[in-house]
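J.:
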Amino acid sequence: MSSNSSIIEYHKKELPGKVWTLGLALFLTGLLIVVIGYIVDPERTAFNNIILLTFLISLGAGSLFLIAIEYVAGAVWSTPFRRVPEILSFALVLVPIFAVPLFFNMYDIFKWTHPEILKTDELLQSKAPYLNINFFIIRALLFFTVWIVFFLMLYRNSIKQDSSGDQLLTKRNIVISAIFLPVFAFTISFTAFDWLMSLAPHWYSTIFGVYYFSGTVLCALAASTFIIVLMNERGFFVKGLTKDHYYSLGALMFAFINFWAYIAFSQFLLIWYANLPDETFWFLQRWEGNWKFVSIGLIFVHFVIPYFGLLSQPAKMNPRRLLVMSVWIMFAHIYDLYWMIMPAFSKEGIAFGWIEIGFPLFTFGLLILLFVSRSKKVNLVPVGDPKLKRGIDFRL
Amino acid sequence: MDERKLYSYTGIFDTPDEIIHAADAVAGKGYVKYDVHTPYPLHGMDNAMRLKPSKIGYATLVFGLSGAVAALLTLFWMAAVDYKLVIGGKPFFSFPAYVPIIFEVTVLSASVITVLTMLFIFFKLPNNSHPLNSTGYMKKVSSDKYGISIQADDPNFNEEEVKLFLSSLHAKDITPIYYDPEEVNYKHVILQPKFLGFLALVAFLTSGITYFTLNKLMYMVPFNWMDEQAKVIPQQKSAVFADGFGMRQPVNGTVARGQMPFLYNDKPEEAAVNLVNLLLPSKENLSLGETKYNIYCSPCHGYHAEGDSRLRGQFPNPPSLHSEKVKNWTDGRIFYVITEGQNIMPSYATQLTPEERWAVILYIRALQRSLNAKESDLK
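Order-wise, the sequence lines are chains A and B. For the first sequence, this note's numbering puts the final residue at 396, and the numbers step up evenly by one. For the second sequence, this note's numbering puts the final residue at 1379, and the numbers step up evenly by one.
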C-alpha cells in the first residue's frame, strides 16, 4: 500500500569499503594483464581492447538511452533508481581513453588500412572515401563528444534538481532526451559499422547497427538491474520499492532478450536464404573449426538460458534470479562481442587465454571504482524529481 | 428465514483505498472464497487479496510448446519426407527457414488456447447466470462504487459473523445475495437440442446462402481472354468448309519431312527387287541393329535368331532366321516382312523407323554369317 506521507525519506548510505577494495583489486590485476598484453602481443591485445571499448560504449550509451527513454515516455516506475543508469553512463567519459590505444594500432586491427591490400582491392577502393583512417578517427571522436555532451546535460540537470527541486529541469531534460534519441540511433549504428563491421570490410549487413543496439540496451539494462537489486536489497534506496519495480526491470530485460534474438535471427535468416558469397562468408568464418561451438553457444548463452530464466512471472520478481540473470546477460554481451570481434583475429579457432581474461577484470574493476567514486558525490536517489513520489507508489 | 439458498454477503465501499484495505482485512481473516468488484483494475489489489499468480501461464506454455513441436513436425513431414522440393539449393530439412513459421504457430496456438482456457475453464463459459448478475450490488460496482462479496461456501462462513465483520470495516449496504431458484434449476440453453438444432440450421443456411450468392448469383467470369479466342482449334467444327471439318487433309501425295512412304503394300516380290539396304555395315549401324533386334525381334526369334526364344512353346514356334529361305531373301524382302508382318508376326512399322529396320537387317545378316563364317572372316 502506498505511504500516505508526502515527504520521501531518504538517508544516504555509503557503500562499504570492501567494494572499493574489490574494484581496485580487479582493476589493478586487469591493468597489469592489459599492459603486459600490449607489450607481449599488441595485436591480440588490441582486438581485446575493442571488446572493452564496445562494452563500455554499450554500457554508457545504453544507460543514457534508458534515461532518455524514461524522460520521453514519461515513465515513473524507473525514476526512484534513475541515478544508477546516470552514474553508469559516466563510463562514456572514459570511452575516449580506451579508444586511444586502438588509434595507434589501426594497422593491426583493420585490414582496410593496409595500403597493399587497398591497391588491388576494388571494393575497398570504392569504400575508401568512408573507410579511411582520418575520417574514422574524426567520426569516432565526434560520436564520443556528442555522447558526452548529451550525458553532461542530462546528468547535470538531474543532479541540480536534487537540491533545487525545480520542475523546469525535468521539462528541459525531456527536450534534450527527445533530441538525443535519433542522434543515439544514428551514432550507435555507425559505431557498430566502424568498430565491429569494418573488421570484415567486405561484409554487408544493413541490420548490423540494430543488432549491436539490441545488445547495447540489454547490457545497460542488465548492469542497472544488477546494481539496483543488489543495493535495494541492502536498503540503499528509498523505502517502498517493491516487487512491482523488480518485475518491470525483469520484464524489460526479457523483452530485450527477445528483441536481440529476433534481430540476430533476422540477420542470419536473410543472409542464409539469399546465400550470396559476399554476405555468407562472415557467418562461415564463425563456423570454422571450433568457432562453430562458439556460434552455437551464442544461441544458448544469449537467448535460451536467459529466456527460460526470466520466462515466468515469479522469476521476474525474484531478486536472486534477477541478480543471477543480469550478471549472466552482461556475460552474454561480452560473449557476443567476442563472437563478433575475435574471429577477425584468429580465423582457425578460438583464441582464449590470459589476455581475454584480463580485459573483463579490468572493465569490471574500472566500473566498480567509477560507481563507488561517483556515488560518494551524489545522492543515489533523485530526491528532487517531481516524478519520484509516483515512482515509489508504482504498482502493477 | 429466507427459503432461498444464500450465495454471499456483499458490502459497498466508496474509495479505492477503502476497498484495498477491506480486501486486505478479509484475506487476513482467512476467507478464501470471496471476490472484489471494482469499475476498473486497481493497482495493488492482487497483493491485498493475497492472490497467487494465475495458473493460466501453464496452459500458455504447454500449448505454445506443443504448437512449436507440431509446426516443426508438419514442416519436416511436408518438406523433407512427403513432397521434396529443392528450394534455393537448400537441404530438404532446412531448419532456419522453418523458424518463422514455428514462431507464428507457437504464438497462435499459445494465444488462442490461452483465451479458450480462460473462457471455458476459468470463466466456466456456458454458465451465463451468475447470482451477482442483475443485482443492485452489481449495478453499483460497475459504475462508481467498490464492492466485496464473501461467499457462503467459504469454510469460515458464518452469516452473523460476516455481517458484523463487514460493518466493522465500515462497509455500506451490507446485503445478502441469493441464488435465483429459477437459475439454480435452469438448464443451459446452449445444451438443449432445440438450440443446438437451431445452431446447425443457422450454420447450414449461412454457408448455403454464401455458397449460392458467391458461386451462382454473383459469379463473375474470371480473366479468360486467352482461353476463349475467335479461332478454329483442333477437332473443332467449321462452317467455312463444305465438309464441316475445321481440320484439313493434306494434299494427295504429301510426304512428311523425314518420312519415306512404303509403296509395296502386299507386293513382296516388288519390294524384294526394288528395295536396297540404305545402310553400310558399320560398327554404329550394327550396334543399333543389335539393340533394336534384342528389343523387338529376340522375344520370338531368340538372341541368336535360331527361333529359340524365351517365348518358345507359348505360341506357334517362330522360325529360325538361319533357314535357306531367309538366307536367300534379299534385304528388301526382309524389310517387307518387318514392315508388313507375316503370318502371326505383326507389323513393326510403328516401333522401328525405316532406318532402324535396315540396321536390324544388317544385324540379322551378321548373325547368319556367324554360323557360316568364311576363312577370310577370321583374319
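All C-beta atoms, glycine included, are put in the ideal place defined by N, C-alpha and C.
Listing by chain order, which chain B residues have their CB less than 9 angstroms from the CB of P314 (chain A)?
T.: At a beta-carbon threshold of 9 angstroms, the residues of chain B lying near P314 (chain A) are P1053, ordered along the chain.
J.: If you drop the 5 nearest sequence neighbours on each side, which residues of the same chain put their C-beta closer than 8 angstroms to that of S1142 (chain B)?
T.: H1037 and P1039
J.: Looking at the secondary structure, which residues open and close the beta strand (DSSP E) in which S1008 (chain B) lies?
T.: L1006 to F1013
J.: Counting only Cβ pairs nearer than 9 angstroms, list the residues of chain B close to L269 (chain A).
T.: Per Cβ cutoff of 9 angstroms: P1096, A1097, V1099 and P1100.
J.: Mapping the DSSP letters down to three states, classify D1035 (chain B) as helix, strand or coil.
T.: strand
J.: Output the boundary residues of the alpha helix (DSSP H) element that contains Y155 (chain A).
T.: I133 to S164
J.: Compare the beta carbon distance of L181 (chain A) and V72 (chain A) with 8 angstroms and say whether it is the shorter of the two.
T.: yes
J.: Run through DSSP, which three-state label would E1018 (chain B) get?
T.: helix
J.: Mapping the DSSP letters down to three states, classify I1101 (chain B) as helix, strand or coil.
T.: DSSP places I1101 (chain B) within a helical segment (H, G or I) once states are collapsed to three.
J.: Determine the direct distance from the alpha carbon of S224 (chain A) to that of V84 (chain A), and round the result to whole angstroms.
T.: Cα to Cα, the separation comes out at about 6 angstroms.
J.: Using three-state DSSP, classify P1176 (chain B) as helix, strand or coil.
T.: strand
J.: Any idea which residues DSSP pairs K1237 (chain B) with across the strands?
T.: B:F1245
J.: Between the alpha carbons of H302 (chain A) and L1085 (chain B), how many angstroms are there, rounded?
T.: 34 angstroms
J.: Using 8 angstroms as the limit for Cβ to Cβ distance, is Y335 (chain A) near chain B?
T.: no
J.: Please return the same chain residues whose Cβ sits closer than 7 angstroms to the Cβ of L1075 (chain B), not counting the five positions on each side in sequence.
T.: Y1098 and I1101, listed in sequence order.
J.: Taking the straight line between their C-alpha atoms, what separation do you get for F143 (chain A) and A1025 (chain B)?
T.: 57 angstroms
J.: Run through DSSP, which three-state label would I207 (chain A) get?
T.: coil
J.: Compare the C-beta of G1244 (chain B) with all C-beta atoms of chain A and state if any pair is closer than 8 angstroms.
T.: So, not an interface residue.
J.: So, at 6 angstroms on beta carbons, what are the nonlocal neighbours of N4 (chain A) in its own chain, with the 5 sequence-adjacent residues on each side left out?
T.: The pLDDT assigned to N4 (chain A) is 40, lower than 50, so where the model puts this residue is not dependable, and the model offers no usable value.
J.: In this structure, what does DSSP give as the bridge partners for R1312 (chain B)?
T.: B:F1315
J.: Helix, strand or coil for S1142 (chain B)? Go by DSSP, reduced to three states.
T.: coil
J.: Measuring CA to CA, which of B:Y1179, B:E1018, B:K1090 and B:G1147 is closest to L1006 (chain B)?
T.: Selected option, being the one with the closest Cα: B:Y1179.
J.: Mind checking M1001 (chain B): buried by the 16 CB within 10 Å criterion, or exposed?
T.: Per-residue confidence for M1001 (chain B) stands at a pLDDT of 46, beneath the threshold of 50, marking its modelled position as unreliable; no derived number is given.
J.: Let me confirm a value: V100 (chain A) is counted as buried when at least 16 other C-beta atoms fall within 10 Å, else exposed. Which label applies?
T.: exposed
J.: Nearest chain A C-beta to G1289 (chain B) closer than 8 angstroms, yes or no?
T.: Proximity of G1289 (chain B) to chain A, defined by a Cβ-Cβ separation below 8 angstroms, is not satisfied.
J.: Return the residue from the list A:I57, A:R139 and A:I50 that minimises the CA-CA distance to D108 (chain A).
T.: The residue with the shortest Cα to Cα distance from D108 (chain A) is A:I50.
J.: Any beta carbon of chain A sitting closer than 8 angstroms to that of H1037 (chain B)?
T.: no
J.: Which residues does DSSP list as the beta-bridge partners of S1168 (chain B)?
T.: DSSP, once it has assigned bridges, lists no residue as partnering S1168 (chain B).
J.: Kindly indicate which residue of A:L388, A:D393 and A:N379 has the alpha-carbon position closest to the one of K13 (chain A).
T.: A:N379
J.: Name the chain A residues whose beta carbon is nearer than 7 angstroms to that of H1043 (chain B)?
T.: Neighbours of H1043 (chain B) in chain A, taken as residues whose beta carbon is under 7 angstroms from its own, are R395 and L396 in chain order.
J.: Run through DSSP, which three-state label would I1150 (chain B) get?
T.: The three-state reading of DSSP puts I1150 (chain B) in strand, counting E and B together.
J.: Any idea what DSSP makes of M1220 (chain B), helix, strand or coil?
T.: coil
J.: Have a look at L1169 (chain B) and T1175 (chain B) and give me their C-alpha separation to the nearest angstrom.
T.: 14 angstroms
J.: Would you say G275 (chain A) lies against chain B (beta-carbon separation less than 8 angstroms)?
T.: The identity of residue 275 (chain A) in the sequence shown is Asn, whereas the question assumes Gly. Cβ-Cβ to chain B under 8 angstroms: yes for N275 (chain A).
J.: In the DSSP assignment, find the alpha helix (DSSP H) that holds I1338 (chain B) and state where it starts and stops.
T.: D1331 to E1340
J.: Using the rule of at least 16 other Cβ atoms within 10 Å of the residue's Cβ for burial, across every protein chain shown, is Q167 (chain A) buried or exposed?
T.: Note on Q167 (chain A): under 16 other CB atoms within 10 angstroms of its CB, so exposed under the neighbour-count rule.
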